[in-house]
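Numbering (our numbering), first residue to last: 373 to 814.
Worksheet: one structure, shown below.
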């Protein structure tokens with residue numbers, strides 16, 4: 373049962389979940405953040421507190437199902453100020469922040485939580501969350517539910533209060549998995565998402581759902597190459613675009629080769645965990661950004677996994693050329709289509725405390741890739757391509773620190789092992805492998 377909900381996070385994702393949970397299941401919604409250390413969180417607190425509500429607008433009339441307002445039961449400046457009873461915790465923050473958020477919440481709040489919903493987890497997140505909560509409260513029978521990714525695209529509105537956000541797109545399909553075999557909460561969420569027009573595929577477990585996020589497979593190649601890293605850390609007046617071919621962007625045949633190798637290493641991990649492996653090309657074209665049927669033979673897409681490596685790389689390259697423009701947009705009078713790939717790399721920036729910070733991409737990708745590396749090592753699986761991505765990122769931040777010694781840096785500029793997070797995962801894997809090969813379906 374989802375009745376009293378605490379949403380951790382003050383960004384657009386948190387606002388959207390607040391609205392749909394109240395709109396469709398009449399949940400009591402409370403929100404908490406880090407207003408004492410974040411200007412953006414403080415601005416959200418002041419805006420939401422003035423009217424005691426949050427609001428979602430939509431760009432497209434077909435998305436009216438997610439539009440609306442949510443009245444807040446409680447609004448907390450900081451996580452450690454939460455002091456009421458909640459049955460459901462929604463983590464609407466980045467996956468690398470899960471553990472610190474849970475650690476910041478008072479123990480008496482954690483003790484009453486019955487289910488945790490992970491809005492945008494990484495591979496293994498539910499094991500970290502479940503392990504941490506059960507460590508804090510040994511008597512807890514906590515259910516953790518993972519979505520494969522966030523439900524759409526929601527953003528702040530320029531010159532508008534941060535408690536009012538705009539949803540510009542909604543996905544048609546997501547994966548969801550629970551640690552409980554028989555879960556009334558899952559049934560509630562399935563019904564909710566059906567009402568907003570989004571179908572959910574229920575997986576045997578959260579790990580399967582967490583593996584169905586294309587960012588895990590493609591972001592390391594896109595953001596952890598020399599062209600991308602230079603654009604992020606040493607920007608010039610000429611922008612470099614994430615999804616464009618070299619020289620406008622980082623996409624080369626070498627990048628595509630590394631993407632394929634990363635995908636193969638990840639599939640080896642999935643196979644060892646008895647999780648259905650991912651057909652990367654099919655996932656890209658059918659669940660992310662579709663391409664015109666004239667571009668590629670469906671047989672190549674569906675049999676992608678069995679094709680020779682050079683054929684796989686060719687098809688991946690063609691896929692990226694196919695979405696340089698939005699192939700389904702209307703051409704202008706000059707015959708030009710919408711520049712779909714015109715997304716520039718975000719560059720390093722200064723935080724509220726004056727320290728330099730690495731953008732979420734690639735800092736969150738670094739975290740996610742380190743977690744995957746840790747899982748691979750726990751299973752004694754070699755991950756040379758994953759290791760190379762991580763080495764590049766760590767060398768880049770080290771070099772930047774050494775050449776900018778007068779600057780102050782956030783934690784994202786330092787090599788991290790995320791040992792505590794990986795330990796929770798390893799504990800689970802050790803328990804399972806003591807019996808026999810890991811079987812996460814049991």
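Backbone N, C-alpha and C fix where the C-beta goes; we use that ideal spot for every residue, glycine too.
Fair warning: this is a prediction, and the values are worked out from it, not measured in the lab.
Residue 494 sits away from residue 642, with the two beta carbons spaced by 8 angstroms or more.
Straight through space, the alpha carbons of residue 498 and residue 506 are spaced by roughly 12 angstroms. With distances taken between CA atoms, residue 446 lies nearest to 378 out of 771, 636, 439 and 378. CA-CA distance, residue 449 to residue 384, rounds to 17 angstroms. Excluding the 5 residues flanking it on each side, residue 733 has same chain C-beta neighbours closer than 6 angstroms at 595, in chain order. Taking 4 residues as the minimum length, the alpha helix (DSSP H) runs contained wholly in the stretch 690-772 are 732-750, in order along the chain. The Cβ atoms of residue 570 and residue 543 lie closer than 8 angstroms to each other.
Residue 788 and residue 464 have their C-alpha atoms roughly 23 angstroms apart.
Non-local C-beta neighbours of residue 799 in its own chain, meaning closer than 7 angstroms and more than five positions away in sequence, comprise 503, ordered along the chain. A direct Cα-Cα distance of roughly 26 angstroms separates residue 593 from residue 700. The stretch 428-440 and the stretch 387-397 touch, with three or more beta-carbon pairs separated by less than 8 angstroms.
Bounds of any beta strand (DSSP E) do not take in residue 511, whose DSSP letter is neither H nor E. Annotation: residue 647 to residue 735 spans about 27 angstroms, alpha carbon to alpha carbon. Along the length of the stretch 439-520, whole beta strand (DSSP E) runs at least 3 residues long occupy 440-448, 460-463, 487-490 and 515-519, reported in chain order. Taking a contact as a CB-CB distance under 8 angstroms, the pair residue 748 and residue 797 does not count as one, their CB atoms being some 11 angstroms apart. Remark: C-beta atoms of residue 525 and residue 539 approach each other more closely than 8 angstroms. Here residue 406 is bridged, per DSSP, to 450. Per DSSP, residue 525 is one residue of the beta strand (DSSP E) stretching across 524-528. In the displayed model, residue 422 falls within a helix according to three-state DSSP.
A Cβ-Cβ contact shorter than 8 angstroms links residue 488 with residue 461. Between the beta-carbon of residue 508 and that of residue 529 there is about 37 angstroms, and that puts the pair past the 8 angstroms contact cut.
Listed as beta-bridge partners of residue 781 by DSSP are 728. When 420, 409 and 410 are compared, the shortest CA-CA separation from residue 403 is found for 420. In the three-state reduction of the DSSP assignment, residue 540 falls in the strand class. The beta carbon of residue 556 sits closer than 8 angstroms to those of 373, all from its chain and outside the five residues before and after it, given in chain order. A direct Cα-to-Cα measurement between residue 782 and residue 485 gives close to 32 angstroms. The bridge partners DSSP lists for residue 429 are 538.
DSSP, read as helix, strand or coil, puts residue 614 in coil.
Looking at the backbone, the Cα of residue 756 and that of residue 415 are separated by about 44 angstroms. Residue 761 and residue 639 have their C-alpha atoms some 17 angstroms from each other. The stretch 657-669 and the stretch 687-704 touch, with three or more beta-carbon pairs separated by less than 8 angstroms. For residue 415, the three-state secondary structure derived from DSSP is helix. Residue 545 is bridged by DSSP to 571. In this structure, residue 741 keeps its C-beta atom at 8 angstroms or more from the C-beta atom of residue 720.
Judged by beta-carbon spacing, residue 562 lies within the 8 angstroms limit of residue 572, meaning their Cβ atoms are closer than that value.
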